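S.K.: One structure is given below, represented as structure tokens, and several questions about it will come after.
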């Protein structure tokens, strides 16, 4: 796929005079992203709405057909619909409200969603938009069915989630600190939707169009970036649901203004309107003068048609409702909403949101109730038993290293990163270096893989847990890759971890490309597992495995009676008769002398011949006795070492267990202390507030008391004045009465 450009669908009014070139009005005729690779796009994909349409967009064709009479070639007037194709038996079904709904639209199962017919304009001879561009060179077209067939690369649903998590983790270099995965509810139909949101650098309008296109990737030139094919977003979103709407805000760099864009990639829209090309309605905004202004790449009517298409085929009811999604972002970020999620054969969603309110799980064959029950009993094997159906379990081991500033938040709770090495005991590290220069292996001396192999800590329970976790550029490609399929219990409990950057992952990042380099790596990993199992299986309760390499040119003398028990021990420890792994010089000399003695030629004399054989037999007996003593000493030494190591492991295990319990107790005490501190702070604040209230009340009462005292003093003074006046009046009255009596 080459360039990306904005496509204009020309809309013409109905013309009754030209019945052969009649075009109907279609909400899809908005400026859209064209996934085609040509510079001259003469393809108009909105020639008519066919059987796959929804009832709410079918009025254009229905009105035209109801107001127009079909005529035959001879000019004979025929009844309306006489020449139409007969629909299939189940082509139209009625929904609960009585509206006719296409049976194709009712197909909500992912693996059946690709079976639908496009519009009638697919024939080149009928002129259905297949006109050759200038120069007589045809251009590539991409049918909507390709979205479905492209998404079938994800056989496993959780692999689609991993692609979206990769995109968010790649944004750490642009400032991303988190990625959120949650469930939303569609307000139009109350169905469940998926939300994937991060606060990375976002996408400007041009990058948004590249994201919606096929095969474009700007990460292939970035070191250590996980994404490289430019196909993950389309395959993952279409695997999870039929439709996706993307909101992205870019803060603006290198002098560019901040932008925000909305893109709708809707399989339902393309299928229901009979599209024969992948068209994507887009809306772009630019921040100018502290306001978001529309970036109209075409006419105002085209903008309105884009809005109309998004409102009709998205979970949002208006342009204002669409823009409200940006309120949840700050300066930058991307918000992806996937809706019309796929269902299984029983009509239930593939994704299970109810089993765990803080997890997203999947139904079907990947979910094993027995494994879920075992995961509670064997916590160190929990990821092996649950990663196939639990997104939280899978996401915790998805990356070998996670930046300390980056969080994965699943339904409101952080996903705790987990290193599989922490589930292992008795670990060994083996360095594997592929031969450079062959089969595409780069000539880099640092291109090595350190393989950590060991037993899972639950291996003593003899549960069937084994396999290698193979990472590529920090990303888990093969979880618990089982390579050694031995009969019986061989290999059980052995797990390993390695990062192999010298093999290329497949497009779905759930496997590797089949190359000779991968074949040699597989062979080497099988050899590592076998070697480790044979050396340590007896330490977890399995019977010791015998060495099978025994030289055939060294045989004991006829007078030596082989003891099966001693022979078994000799083979195990590599110091017995006939062992191919003998490294002791003394033992090697003994073997050489023994071989020479057995090969002593017979004398012609019968007595001499008999004497030679008897000496050889006696020497053989003495050698065997020395070997038995040596083997006994070696066995005792080995047993002492094992007892010492076992004791050390027990002591160390007890110490580690005590340390862990002390750590947990300390954490508990710290939590209790923090809780008590919090309670103390709350009580202090309450006490301070109560003291403040009492102080304020006391001051108010003091003030009132002073006021009352003042008033009391004034009243006493007034009373005193009144008493004095009354006394004075009485005296004056008595004086006046005395005068009267005197007269």
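In the UniProt record's numbering, the protein residues as written are 1 to 743. Note that beta-carbon positions come from the ideal geometry of N, C-alpha and C, so glycine has one too. Small disclaimer: the values here were computed from a predicted structure and weren't measured.
1) How would you label residue 450, buried or exposed, when you count the other beta carbons within 10 angstroms and need 16 or more for buried?
2) The alpha helix (DSSP H) with residue 150 in it runs from where to where?
3) Taking Cβ to Cβ, would you say residue 172 is nearer than 8 Å to residue 403?
4) Which one or two residues does DSSP pair with residue 505 in a beta bridge?
5) With C-beta atoms as the reference, is residue 343 less than 8 Å away from residue 108?
6) Look at residue 176 and residue 199 and say whether their C-beta atoms are less than 8 Å apart.
7) How about residue 260 and residue 271: do their beta carbons lie closer than 8 Å?
8) Do the CB positions of residue 426 and residue 502 come within less than 8 Å of each other?
9) Note the first and the last residue of the continuous alpha helix (DSSP H) segment covering residue 311.
10) Quick check on residue 479: does DSSP put it in helix, strand or coil?
11) Using the Cα positions of residue 627 and residue 636, report the straight-line distance between them to the nearest angstrom.
12) Which partner residues does residue 250 have in the DSSP bridge list?
13) To the nearest angstrom, how far is the alpha carbon of residue 523 from that of residue 529?
14) Hey, quick one: how far does the alpha helix (DSSP H) through residue 392 stretch, first residue to last?
15) For residue 708, does the count of other Cβ atoms within 10 angstroms reach 16, so buried, or fall short, so exposed?
16) In three-state DSSP terms, what is residue 34?
17) Where does residue 533 fall in DSSP's three states?
18) Tell me whether the beta-carbon of residue 395 lies closer than 8 Å to the beta-carbon of residue 165.
19) Helix, strand or coil for residue 472, going by three-state DSSP, please let me know.
20) Strictly by DSSP, which residues pair up with residue 282?
21) For the alpha helix (DSSP H) containing residue 323, name the first residue and the last one.
22) How is residue 196 classed by DSSP in three states: helix, strand or coil?
23) Where DSSP assigns a beta bridge to residue 184, which residues make up the other side?
24) Does the Cβ-Cβ distance between residue 192 and residue 349 come in under 8 Å?
25) Whole angstroms are fine: how far does the CA of residue 700 sit from the CA of residue 730?
26) What first and last residue would you give for the beta strand (DSSP E) that runs through residue 336?
27) If you compare alpha carbons, which of 352, 388, 356, 360 is closest to residue 368?
28) Kindly list the residues whose CB is nearer than 6 Å to the CB of residue 386, restricted to its own chain and excluding five residues on each side of it in sequence; keep chain order.
29) For residue 257, count neighbouring C-beta atoms within 10 Å of its own C-beta (all shown protein chains included) and say buried if the count is 16 or more, exposed if not.
30) Just to confirm before moving on: does the CB-CB distance between residue 232 and residue 246 stay below 8 Å?
31) Going by the beta-carbon positions, is the gap between residue 452 and residue 413 smaller than 8 Å?
32) Under three-state DSSP, which class holds residue 292?
33) To the nearest angstrom, how far is the alpha carbon of residue 197 from that of residue 358?
34) Quick check: residue 323 and residue 310, are their CB atoms within less than 8 Å of each other?
35) Considering only their Cβ atoms, is the gap separating residue 424 from residue 495 smaller than 8 Å?
36) At which residues does the alpha helix (DSSP H) containing residue 239 begin and terminate?
M.R.: Considering the structure as presented:
1) As a working note, residue 450 is residue 450 in the chain shown. By the neighbour-count rule (16 or more Cβ atoms within 10 Å), residue 450 is not buried but exposed.
2) What you label residue 150 is simply residue 150 of the chain shown in a count that begins at 1. Taken as a continuous stretch (DSSP letters only), the alpha helix (DSSP H) holding residue 150 covers 145-151.
3) One-based indexing of the chain shown puts residue 172 at position 172. One-based indexing of the chain shown puts residue 403 at position 403. Closer than 8 Å, so yes.
4) For this step, residue 505 is matched to residue 505 along the chain shown. According to DSSP, which records beta bridges pairwise, residue 505 is partnered with 512.
5) Residue numbering aside, residue 343 sits at position 343 when the chain shown is read from its first letter. Residue numbering aside, residue 108 sits at position 108 when the chain shown is read from its first letter. Yes; because the gap between Cβ atoms is below 8 Å, this pair is in contact.
6) Here the question's residue 176 lines up with position 176 in the chain shown. Here the question's residue 199 lines up with position 199 in the chain shown. The answer is yes: Cβ separation under 8 Å.
7) Translated into the one-based positions of the chain shown, residue 260 becomes position 260. Translated into the one-based positions of the chain shown, residue 271 becomes position 271. Not in contact: residue 260 and residue 271 (Cβ atoms no closer than 8 Å).
8) Here the question's residue 426 lines up with position 426 in the chain shown. Here the question's residue 502 lines up with position 502 in the chain shown. Contact flag unset, no.
9) Numbered from 1 along the chain shown, position 311 holds the residue referred to as residue 311. From DSSP, the alpha helix (DSSP H) with residue 311 extends over 300-313.
10) Here the question's residue 479 lines up with position 479 in the chain shown. Of the three classes helix, strand and coil, the one that applies to residue 479 here is strand, per DSSP.
11) What you label residue 627 is simply residue 627 of the chain shown in a count that begins at 1. What you label residue 636 is simply residue 636 of the chain shown in a count that begins at 1. Each residue's alpha carbon lies about 14 Å from the other.
12) Counting from 1 along the chain shown, the entry for residue 250 is found at position 250. DSSP output for residue 250 lists 259 as bridge partner(s).
13) In the chain shown, residue 523 corresponds to position 523, counting from 1. In the chain shown, residue 529 corresponds to position 529, counting from 1. Spanning the two alpha carbons is a distance of roughly 10 Å.
14) Locating residue 392 in the chain shown gives position 392, where the first residue counts as 1. Residues 391-396.
15) Stepping through the chain shown from its first residue, residue 708 is reached at position 708. Per the 10 Å Cβ criterion, exposed.
16) In the chain shown, the residue the question calls residue 34 occupies position 34. Any reading at residue 34 must be qualified, since the residue scores a pLDDT of 47, below 50, and its modelled position is unreliable; no value is offered.
17) Sequence index remark: in the chain shown, residue 533 carries index 533 (1-based). Reduced to three states, the DSSP call for residue 533 is helix.
18) Locating residue 395 in the chain shown gives position 395, where the first residue counts as 1. Locating residue 165 in the chain shown gives position 165, where the first residue counts as 1. Yes, the Cβ-Cβ distance between residue 395 and residue 165 is below 8 Å.
19) For the purposes of this step, residue 472 is identified with residue 472 of the chain shown, where counting begins at 1. Note: residue 472 maps to strand in three-state DSSP.
20) Within the chain shown, residue 282 is the residue found at index 282, counting from 1. Beta-bridge pairing links residue 282 to 263.
21) Translated into positions along the chain shown, residue 323 becomes position 323. Here the alpha helix (DSSP H) through residue 323 covers 319-323.
22) Locating residue 196 in the chain shown gives position 196, counting from the first residue. Residue 196: strand per DSSP, three-state reduction.
23) Taking the first residue of the chain shown as position 1, residue 184 is located at position 184. Residue 184 is bridged to 193.
24) Taking the chain shown and counting its residues from 1, the one referred to as residue 192 is at position 192. Taking the chain shown and counting its residues from 1, the one referred to as residue 349 is at position 349. Yes, the pair counts as a contact, with Cβ atoms nearer than the cut-off.
25) As a position in the chain shown, residue 730 is number 730, starting the count at 1. As a position in the chain shown, residue 700 is number 700, starting the count at 1. Roughly 44 Å separates the two Cα atoms.
26) Locating residue 336 in the chain shown gives position 336, counting from the first residue. 333-341 is the extent of the beta strand (DSSP E) around residue 336.
27) The sequence position of residue 368 within the chain shown is 368, counting from 1. For the residues 352, 388, 356, 360, the minimum Cα distance to residue 368 belongs to 388.
28) Taking the chain shown and counting its residues from 1, the one referred to as residue 386 is at position 386. Around residue 386: 375, 393.
29) Along the chain shown, one-based indexing puts residue 257 at 257. Classification of residue 257: exposed, given that the 10 Å Cβ count is below 16.
30) Translated into positions along the chain shown, residue 232 becomes position 232. Translated into positions along the chain shown, residue 246 becomes position 246. Result no, Cβ atoms of residue 232 and residue 246 do not sit closer than 8 Å.
31) Along the chain shown, read from residue 1 onward, the residue named residue 452 stands at position 452. Along the chain shown, read from residue 1 onward, the residue named residue 413 stands at position 413. No, the pair does not count as a contact, with Cβ atoms beyond the cut-off.
32) Taking the first residue of the chain shown as 1, we reach residue 292 at position 292. Residue state, collapsed to three classes: strand.
33) Counting from 1 along the chain shown, the entry for residue 197 is found at position 197. Counting from 1 along the chain shown, the entry for residue 358 is found at position 358. Near 17 Å, if we compare the C-alpha coordinates of residue 358 and residue 197.
34) Here the question's residue 323 lines up with position 323 in the chain shown. Here the question's residue 310 lines up with position 310 in the chain shown. No.
35) Residue numbering aside, residue 495 sits at position 495 when the chain shown is read from its first letter. Residue numbering aside, residue 424 sits at position 424 when the chain shown is read from its first letter. Contact flag set, yes.
36) Sequence index remark: in the chain shown, residue 239 carries index 239 (1-based). Residues 232-240.
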